[in-house]
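To start, the structure under review is shown below, and the notes come after it.
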Amino acid sequence: MIHEESNQADMLRDNNPQDEELIFSLRPVHIAEYIGQRNIVETLNIAIEAALQRKEALDHVLFNGPPGLGKTTLAHIIANEMGTKIITSSGPALEKGGDLMGILTHLERGDILFIDEIHRIPKIVEEFLYPAMEDFAVDFIFDKGVHARTHRYRLEPFTLIGATTRSGLLSSPLRERFGITRDLDFYDESDLILIIKRSASILEIPVDHEGAYEIARRARGTPRVANRLLKRVRDYAQVRADGSITHAVAREALALEGIDEFGLGVTDRKLLSTIIFNYKGGPAGIEALASTLQIETDVLLDVIEPFLLKTGFVIRTSQGRKATEKAYTLLDIPFKHEMSLFAGGKGKREPQS
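Just so you know, my numbering puts 340 at position 340 of the sequence shown, and the rest follows in order with no gaps.
Rendered as structure tokens:
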């Protein structure tokens, strides 16, 4: 059970070294190759073209959304389209102001600095970003007290691209300095089918439409998950079939992985059953659920919960998370109104999200 839960978390997060080379090889390089998020892609394309025509750095960009939806891919595509270098870092890696200053002072004109998990930048480091983003400058302070003096160092014009799963944790001063802010949403099945077929073509995997559809409908609306499921189904097809991915092969392979027709895995179902049985349907606080399930709170918030909310298995209230009637049906548990009451109304049914 622990092994299966770990597999699901690794599949959703971007920290599975075994699959990273595969995922990287499948990323589109140019904006014309990008599938899905059409409005975002169109507005980015316009902004890129305008910046190129003016021979200016692109406005700073903030991408928000659950893991695996293409934030990092879009950052690299922007760099390719702008014809410039991309320097990557992450919020947790920038522990001190010096860490950030060292990067900023080495940027060349038009370069892109991509900071993943930007909401995790320490406040003291974040403050160095304000003049860098607004004025393309950083301030060095020498000495202390009455002898303190400030020297302003001019930076080359650059573009900061930030990626976050929780934009609400960004401070207002930082958020307001991004000229372009875009929220990435889960993909529909038709786009995921196109992504799976494209990836299968690159990997030279025979897959028919029904096989691609079966993977897409279980991919949690997430391209990264779709590509990793494709890899696992490929292995199954190679060992248990003739190497081709059909509807039957995909269905058998994903059932073996413990992934149901909704894309829910072991951890998802365990979370739902915990809310229902341990907390009488909810509400249950996220910290309490994390403790009961022995899963990191961040994993629940960023990786597991968003899809359950989107698909209506869970709703979030001011008191905590509650299982919906859809969750009871999934687990074949009788739905009783008393198990999901409003705080002040007996017998009232919880509205579906």
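Just so you know, even glycine gets a beta-carbon here, dropped at the ideal spot from N, CA and C. Just so you know, these numbers come straight off a predicted model, no measurement behind them.
Apart from the five residues on each side of it in sequence, which residues of its chain come closer than 6 Å, Cβ to Cβ, to residue i?
| i | result |
| --- | --- |
| ALA51 | LEU58 |
| SER353 | No answer about SER353 holds up, because its pLDDT of 38 lies below 50 and its placement is not dependable. |
| PRO92 | ARG120 |
| ASP111 | THR84, LYS85, PHE158 |
| PHE178 | HIS60, LEU62 |
| SER167 | ASN64 |
| THR73 | ARG27 |
Contact check, residue i vs residue j under 8 Å by CB: the rounded distance?
| i | j | result |
| --- | --- | --- |
| TYR236 | ALA253 | 4 Å |
| ILE78 | ARG224 | About 19 Å; that fails the 8 Å criterion. |
| LEU100 | ASN227 | About 32 Å; that fails the 8 Å criterion. |
| LEU192 | ALA219 | 5 Å |
| LEU331 | ARG175 | That pair is no contact at about 39 Å. |
| ALA284 | ILE275 | 5 Å |
| VAL266 | PRO67 | Their Cβ separation, rounded to whole angstroms, is 18 Å, which puts VAL266 and PRO67 out of contact at 8 Å. |
| LEU308 | ASP260 | Going by Cβ atoms, the distance from LEU308 to ASP260 rounds to 13 Å, so no, they are not a contact pair. |
| PRO131 | VAL125 | About 13 Å; that fails the 8 Å criterion. |
| ILE35 | ASN45 | Rounded, the Cβ-Cβ distance is 14 Å, inconsistent with contact. |
Grab me the residues of residue i's own chain with a C-beta within less than 8 Å of its C-beta, minus the 5 sequence neighbours each way, in chain order.
| i | result |
| --- | --- |
| ASP65 | One point to set straight first is that residue 65 is Gly, not Asp, in the sequence displayed. Taken in chain order, the residues that qualify are LYS71, THR165, ASP183, LEU184, ASP185. |
| GLY344 | In this prediction, GLY344 scores a pLDDT of 42, lower than 50, which makes its location untrustworthy; no coordinate-derived value is stated. |
| VAL233 | GLY211, ILE215, ILE245, VAL249, ALA250, ALA253, LEU254 |
| SER172 | none |
| TYR213 | GLU189, ILE193, HIS247 |
| PHE136 | ARG154, LEU155, GLU156, PRO157, PHE158 |
| THR43 | ILE180, ARG182 |
| GLU117 | SER90, GLY91, PRO92, ALA163, THR164, THR165 |
| LYS310 | PHE186, GLY221 |
Hey, quick one: how far does the beta strand (DSSP E) through residue i stretch, first residue to last?
| i | result |
| --- | --- |
| HIS106 | Unbroken run through HIS106: none, as it is neither H nor E. |
| ILE112 | 112-116 |
Once DSSP output is grouped into helix, strand and coil, what is the label at residue i?
| i | result |
| --- | --- |
| ASP99 | helix |
| LYS71 | helix |
| ALA148 | coil |
| ILE124 | helix |
| ILE333 | coil |
| HIS3 | Reliability fails at HIS3, whose pLDDT of 46 lies under 50, so the model's placement of it is uncertain and no value is given. |
| VAL207 | strand |
| ALA327 | helix |
| ASP59 | coil |
| THR88 | strand |
Under 7 Å Cβ to Cβ from residue i, same chain only, skipping five residues before and after it: list those, please.
| i | result |
| --- | --- |
| ILE141 | ALA148, THR150 |
| GLY243 | PRO206, ALA237 |
| ALA47 | LEU58, ASP59, ILE180 |
| LEU300 | ILE286, LEU289, ALA290 |
Would you mind reading off the limits of the alpha helix (DSSP H) that contains residue i?
| i | result |
| --- | --- |
| ARG269 | 266-273 |
| ILE40 | 38-54 |
Could you tell me whether the Cβ of residue i comes closer than 9 Å to any Cβ of chain C?
| i | result |
| --- | --- |
| PHE178 | Absent from the structure is chain C; it holds one protein chain and no more. |
| request: Could you name each continuous beta strand (DSSP E) segment of 3 residues or more that falls completely within the stretch 138-195, going from the start of the chain to the end? | output: Listed in chain order, they are 149-154, 159-164, 180-183.
| message | Ignoring anything shorter than 4 residues, give me the alpha helix (DSSP H) runs that lie fully in the stretch 236-320, in order along the chain. | response | You should have 247-256, 266-273, 286-293, 305-310.
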